[in-house]
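Visitor:
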Amino acid sequence: MPATVIIGAQWGDEGKGKIVDRLAESADLVVRYAGGPNAGHTLVVGGEKTVLRLIPSGALHRHTECLLGQGMVVHPAGLLDEIDTLESRGVALTDRLTLSRLAHLILPYHVLVDELREGREGGTKIGTTKRGIGPAYEDKVGRRGLRAGDLEHPRRLRARLEEALATWAPTILALGGEVPDVDAMVTAVMPHAPRLIPLLGDVSAQVETALRDGKRVMLEGAQGTMLDIDNGTYPFVTSSSAVAGGACTGAGIGPTRIARVLGITKAYTTRVGAGPFPTELDDDVGAHLRAVGKEFGSVTGRPRRTGWLDVAALRYARRVNGITGLAVTKLDVLTGLDTLRVCVGYEGASGAANELPDGDALTPVYRTFEGWTESLQGASRLEDLPPPARAYLDFIEEASETPIDLISTGPGRESTIEKTGGF
Ligand code: GDP
Ligand code: IMO
Ligand code: MG
Numbered sequence: 005m006p007a008t009v010i011i012g013a014q015w016g017d018e019g020k021g022k023i024v025d026r027l028a029e030s031a032d033l034v035v036r037y038a039g040g041p042n043a044g045h046t047l048v049v050g051g052e053k054t055v056l057r058l059i060p061s062g063a064l065h066r067h068t069e070c071l072l073g074q075g076m077v078v079h080p081a082g083l084l085d086e087i088d089t090l091e092s093r094g095v096a097l098t099d100r101l102t103l104s105r106l107a108h109l110i111l112p113y114h115v116l117v118d119e120l121r122e123g124r125e126g127g128t129k130i131g132t133t134k135r136g137i138g139p140a141y142e143d144k145v146g147r148r149g150l151r152a153g154d155l156e157h158p159r160r161l162r163a164r165l166e167e168a169l170a171t172w173a174p175t176i177l178a179l180g181g182e183v184p185d186v187d188a189m190v191t192a193v194m195p196h197a198p199r200l201i202p203l204l205g206d207v208s209a210q211v212e213t214a215l216r217d218g219k220r221v222m223l224e225g226a227q228g229t230m231l232d233i234d235n236g237t238y239p240f241v242t243s244s245s246a247v248a249g250g251a252c253t254g255a256g257i258g259p260t261r262i263a264r265v266l267g268i269t270k271a272y273t274t275r276v277g278a279g280p281f282p283t284e285l286d287d288d289v290g291a292h293l294r295a296v297g298k299e300f301g302s303v304t305g306r307p308r309r310t311g312w313l314d315v316a317a318l319r320y321a322r323r324v325n326g327i328t329g330l331a332v333t334k335l336d337v338l339t340g341l342d343t344l345r346v347c348v349g350y351e352g353a354s355g356a357a358n359e360l361p362d363g364d365a366l367t368p369v370y371r372t373f374e375g376w377t378e379s380l381q382g383a384s385r386l387e388d389l390p391p392p393a394r395a396y397l398d399f400i401e402e403a404s405e406t407p408i409d410l411i412s413t414g415p416g417r418e419s420t421i422e423k424t425g426g427f
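Residues in the sequence shown are numbered consecutively from 5, following the working numbering.
1. To the nearest angstrom, how far is the alpha carbon of Arg148 from that of Ala13?
2. Just to confirm the assignment: which complete beta strand (DSSP E) runs, minimum length 3, are found wholly within the segment 303 to 343?
3. Can you determine whether any heavy atom of the ligand GDP sits closer than 8 Å to the C-beta of Val34, and answer yes or no?
4. Just checking my contact of Glu224 with Ser354 at CB under 8 Å: how many whole Å lie between their CB atoms?
5. Keeping to the same chain, check which residues put their C-beta closer than 7 Å to that of Tyr320; ignore five residues upstream and five downstream.
6. Which value, in whole angstroms, describes the spacing of the CA atoms of Ala317 and Thr328?
7. Cβ atoms of Ser379 and Thr339: under 9 Å apart, would you say?
8. Return the CA-CA distance between Leu341 and Lys270, expressed in angstroms with no decimal places.
9. Tell me which residues share the same chain as Met194 and place their Cβ nearer than 7 Å to its Cβ, disregarding the 5 neighbours each side in the sequence.
10. By the DSSP assignment, the beta strand (DSSP E) with Val183 in it spans what residues?
11. Would you give the residue range spanned by the beta strand (DSSP E) that Leu116 belongs to?
12. So for Leu71, helix, strand or coil by DSSP?
13. Might you give, ordered along the chain, the residues of its own chain that have their beta carbon closer than 7 Å to the beta carbon of Thr213, omitting 5 neighbours on each side?
14. To the nearest angstrom, report how far apart Lys20 and Ile59 are at their CA atoms.
15. Report the partner residues of Pro368 according to the DSSP bridge assignment.
16. Anyone know if the C-beta pair for Val324 and Asp409 falls short of 9 Å?
17. Mapping DSSP to helix, strand and coil, what is Ile23?
18. Using three-state DSSP, classify Leu150 as helix, strand or coil.
19. Just how far apart, CA to CA, sit Val34 and Gly352?
20. What I want to know is whether the C-beta of Val303 ends up closer than 8 Å to one or more non-hydrogen atoms of the ligand MG.
21. What three-state label does DSSP hand Lys53 in the structure shown?
22. Please state whether DSSP places Ser412 in a helix, a strand or coil.
23. Does DSSP put Ser404 in a helix, a strand or coil?
Next comes the structure, spelled out in structure tokens:
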């Protein structure tokens, strides 16, 4: 049975965690394939909230294997903290968790450089999560990174650390920081090795075996299409391959193994951090979306920027990911707005330029829709939705040229309408 990829179709925080958790009920394996602790994936089960940063969102299903793929950058202490927090709440994980030997490690100097760059005067500010993501991927591409498998080889690890620190030293000094010494870095990592080494494995081989055995494999993306390093609103992006193609390299499987790409989109749009956002609202409607949608970053607590849904951008996401179906989340948040607007393109743009929401001066072209006042909280059948909400969804399907497979009407696992059956 081929694999399903779940990706963010916007700028992240679309509700990937909620949807993966819901669908993982019937998944045997969930693999996170990109990013690191810049992600915050929220699951709400029985009213209890869990925010996952590194661990795949299948974690709450006791029989689901959770794999951290080689496309990820992993903070050693952060991973162990996350495991401990879950285990203290009765979620046993260690015997069903695998960390790819090929995943890269985030070290204290990565976090330091990220913080210094974001804190300096002048220069492009991305508004990162300051979790060391960019510098860790820079080391990976610069071919001097430390990988999880290096924990098994302390001498090699030390030599790699020396090389990486020598490379970073001029940058750290130029940014006004203090260069950490190698011993301190060894001490930051090696004490975690005894607990991390038993988790190491070959993610690619594990996924291949599972697929051959007819098991159900879900590949969980992090961040979102417009934050993708190659296809996003560069340079205001993250440093990993967030799009569906990243699932191949990040989990070590070929594209022929993937049959379905589920794109997650909110019923409106949010973005955290700097960069273009054509449909952004700086008014009462924007404030409504932020307050009712509780739009504050789950990693940094920053207020998220809010705006209308952009189906031009969804068409772009469909193209670069090969999305086969959408999950529309947070429809409930639109309740109470008199009229709704949806961006269908940008003034003066045509063809492909009418899809990518990248540019400082893009003026959206809107279609207007009737709102509704009924609460949708917890609606779990299509028939529960008022006619204007259904018309809004019908338009998203038509204008994005993509079928809607799922609709989410609340943070809880149960608040989901499955239009086309499960996973
Ligand atoms: P992710 O990064 O894509 O997994 O998304 P986040 O977890 O960062 O952000 C989504 C937020 O919206 C979380 O607080 C979820 O609990 C919440 N959420 C998800 N789906 C819905 C929904 O349909 N309605 C409402 N009101 N909240 C939702
Ligand atoms: P999930 O998986 C939303 C944003 C940051 C910043 C840019 C680069 O929860 O959807 P980075 O720290 O990655 O170098 O920051 O990307 N960003 C996210 N925004 N959701 C995320 O993850 C994000 N991960 C990174 O705000 O603009
Ligand atoms: Mg998030």
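From the three backbone atoms N, C-alpha and C, an ideal C-beta is built for every residue, glycine too.
Guide: Taking the geometry as given:
1. Computed Cα separation, rounded: 32 Å.
2. 309 to 311, 329 to 333
3. no
4. Actually they do not touch by this definition, with Cβ atoms about 35 Å apart.
5. Glu359, Leu360
6. 16 Å
7. yes
8. Note on geometry: alpha-carbon atoms of Leu341 and Lys270 lie some 16 Å from one another.
9. Pro158
10. Val183 -> no beta strand (DSSP E), and no H or E assigned at all.
11. That residue, Leu116, is in no beta strand (DSSP E); its alpha helix (DSSP H) goes 112 to 123.
12. It is a strand residue.
13. Nothing meets the Cβ criterion.
14. 13 Å
15. Tyr350
16. no
17. helix
18. DSSP places Leu150 in coil when its eight states are reduced to three.
19. 43 Å
20. yes
21. strand
22. strand
23. helix
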